[in-house]
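Per the numbering used here, the very first residue in the sequence shown carries number 3; after that it's consecutive.
Worksheet for the structure shown next.
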Amino acid sequence: MKEKLTAPETGKLWATYMGNSMSSYILSYFLEHIEDPDKKILQHAKDLTEELPSNVKEIFTKENVPIPYGLTQEDVNLGALKLFEDECHKMNMFSMKMMAFGNSVAVNGRHDLALLHGKSMKSVSSFVNDAAAIMMETSWMETPSEVVDRDHLTSN
Numbered sequence: 003m004k005e006k007l008t009a010p011e012t013g014k015l016w017a018t019y020m021g022n023s024m025s026s027y028i029l030s031y032f033l034e035h036i037e038d039p040d041k042k043i044l045q046h047a048k049d050l051t052e053e054l055p056s057n058v059k060e061i062f063t064k065e066n067v068p069i070p071y072g073l074t075q076e077d078v079n080l081g082a083l084k085l086f087e088d089e090c091h092k093m094n095m096f097s098m099k100m101m102a103f104g105n106s107v108a109v110n111g112r113h114d115l116a117l118l119h120g121k122s123m124k125s126v127s128s129f130v131n132d133a134a135a136i137m138m139e140t141s142w143m144e145t146p147s148e149v150v151d152r153d154h155l156t157s158n
């Protein structure tokens, strides 16, 4: 018999569902307004945000937990004026994805949830690496500076 969801597990799944619901619509807005013809990385981010909520819905249904409403098309005006430059859209899209998974694994003790979060983290981590590489190649994000010469520091 499977253990029931704990309060922290339920809360994290709820937050994950709501966060991905919001991210999906933010990314829809970004995709509507970005001028860069290569929208693959943003579309990939949107696809990731739409994958996890279906998994959460499945768990909540099995556990008899109400499914959150999340955001809908009525909450977002895709025709609103462009607010940001393309660089900002691309920087935000990958930071949003990483924030969603920071403590996912730590708050659960169930194997099925650990697998779900682990799979998601692997997908998101790969996505973030790809996005960061693109942004460094296009100078939208600085390549991190090198560490100071520690031998020189210790010799003084």
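We put the CB at the ideal spot given by N, CA and C, even for glycine.
Model, not experiment: these values are computed from the prediction.
How long is the line joining the alpha carbons of residue i and residue j, rounded to whole angstroms?
i: residue 29; j: residue 55; result: 15 Å
i: residue 15; j: residue 152; result: 44 Å
i: residue 125; j: residue 43; result: 13 Å
i: residue 136; j: residue 123; result: 20 Å
i: residue 119; j: residue 38; result: 32 Å
i: residue 32; j: residue 58; result: 25 Å
i: residue 35; j: residue 49; result: 18 Å
i: residue 86; j: residue 41; result: 15 Å
i: residue 130; j: residue 47; result: 9 Å
What do you reckon, are the CB atoms on residue i and residue j nearer than 7 Å?
i: residue 70; j: residue 24; result: no
i: residue 52; j: residue 26; result: yes
i: residue 7; j: residue 65; result: yes
Take residue i and list the residues in its own chain whose beta-carbon comes closer than 7 Å to its own, dropping the five residues that flank it on each side.
i: residue 61; result: 15
i: residue 12; result: 67
Excluding the 5 residues preceding and the 5 following residue i in the sequence, name in chain order all residues of the same chain whose CB lies nearer than 6 Å to its CB.
i: residue 22; result: 51, 54, 55
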